[in-house]
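Enquirer:
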Amino acid sequence: MANLLLAQRDGGRVGKHWAEKFVKRQPKLKTRFNRAYDFQRALCEDPELTGAWFKLVHNMRAKYGIHDCDFYNFDETGFMMGVICASMVVTRADRRGRGKAVQPGNREWATAIECINGEGWCLPPFLIVQGMYRLANWYTESNLPLDWAIKPTSNGWTDNETGVEWIKHFDKHTKSRTKGEYRLILLDAHESHMSAKFEAFCKQNNIVTISLPAHSSHIT
Numbered sequence: 017m018a019n020l021l022l023a024q025r026d027g028g029r030v031g032k033h034w035a036e037k038f039v040k041r042q043p044k045l046k047t048r049f050n051r052a053y054d055f056q057r058a059l060c061e062d063p064e065l066t067g068a069w070f071k072l073v074h075n076m077r078a079k080y081g082i083h084d085c086d087f088y089n090f091d092e093t094g095f096m097m098g099v100i101c102a103s104m105v106v107t108r109a110d111r112r113g114r115g116k117a118v119q120p121g122n123r124e125w126a127t128a129i130e131c132i133n134g135e136g137w138c139l140p141p142f143l144i145v146q147g148m149y150r151l152a153n154w155y156t157e158s159n160l161p162l163d164w165a166i167k168p169t170s171n172g173w174t175d176n177e178t179g180v181e182w183i184k185h186f187d188k189h190t191k192s193r194t195k196g197e198y199r200l201i202l203l204d205a206h207e208s209h210m211s212a213k214f215e216a217f218c219k220q221n222n223i224v225t226i227s228l229p230a231h232s233s234h235i236t
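What follows is the structure, given as structure tokens:
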């Protein structure tokens, strides 16, 4: 583009450092590294595509009289146990190379479900770990608060049964806090959050659910 503009003025061509010097002359500009970004996530940031969803949420809140304290959003985050992240350490000055920290290496997968309402109150976490049975030492030796829930699954991921257990966990801790007649939850469209048993429990307990648009949880 710069060369085209110069050609219209009978000028030459820009030098190889033109872009760098141009940015330095403009106090409102600076250079930075970009990063890869998923196309579907970028698509969901189009206001025309997300506007209808926000309008739906607004209308549902008005229809059911949802107060901020009865308006919830929850999500899951998975992590691998036994894996240490890089960190800053102090070593001898004459030591070469990067420091090493030994990790257990069991690499078992676990999932945490977190939920928060419109006033900033957080539901006690719901932890999903890999296993077949609940073990007593999870509760007696872990020093976790007693209201935290732990659910074993074969792979440490959520499933339909776990989804139902979570919604019961949600109901247990939020029913007494409800200000209006209904509670509203924003959730992703994972199968475990849309099973027949999950939806039936919500209907029986005045819990309204709205699914987030696909690939949009980072902005909604």
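Numbering follows this note's numbering, in which position 207 of the sequence shown is assigned residue number 223; successive positions increment by one, without gaps.
Built from N, CA and C at the ideal position, the CB exists for glycine as well.
1. Compare the beta carbon distance of Val145 and Gly179 with 8 Å and say whether it is the shorter of the two.
2. Could you say if the stretch 182 to 195 and the stretch 134 to 153 meet the contact criterion of at least three C-beta pairs nearer than 8 Å?
3. Taking C-beta to C-beta, are Lys191 and Asp86 nearer than 8 Å?
4. For Ile223, I'd like the list of residues in its chain whose CB is within less than 6 Å of its CB, leaving aside the five on either flank, ordered along the chain.
5. Any idea what DSSP makes of Val30, helix, strand or coil?
6. So what does Ala200 bridge to, in DSSP terms?
7. Could you name the residues of the same chain whose beta carbon sits closer than 7 Å to that of Phe95, not counting the 5 residues immediately before and after it, in chain order?
8. On the DSSP bridge list, what partners appear for Thr169?
9. Since Met96 sits in a beta bridge, which residues does DSSP pair it with?
10. Report, in whole angstroms, the separation of the C-beta atoms of His209 and Leu203, which I expect to be a contact under 8 Å.
11. How many angstroms separate the CA atom of Thr225 from the CA atom of Trp164?
12. Grab me the residues of Phe90's own chain with a C-beta within less than 7 Å of its C-beta, minus the 5 sequence neighbours each way, in chain order.
Expert: This is what the structure gives:
1. no
2. yes
3. no
4. Arg199
5. coil
6. For the sequence presented, residue 200 should be read as Leu rather than Ala. Leu200 is bridged to Phe87, Val224.
7. Ala126
8. Gln146
9. Trp125
10. 5 Å
11. 23 Å
12. Ile129, Glu130, Cys131, Ile201, Leu203
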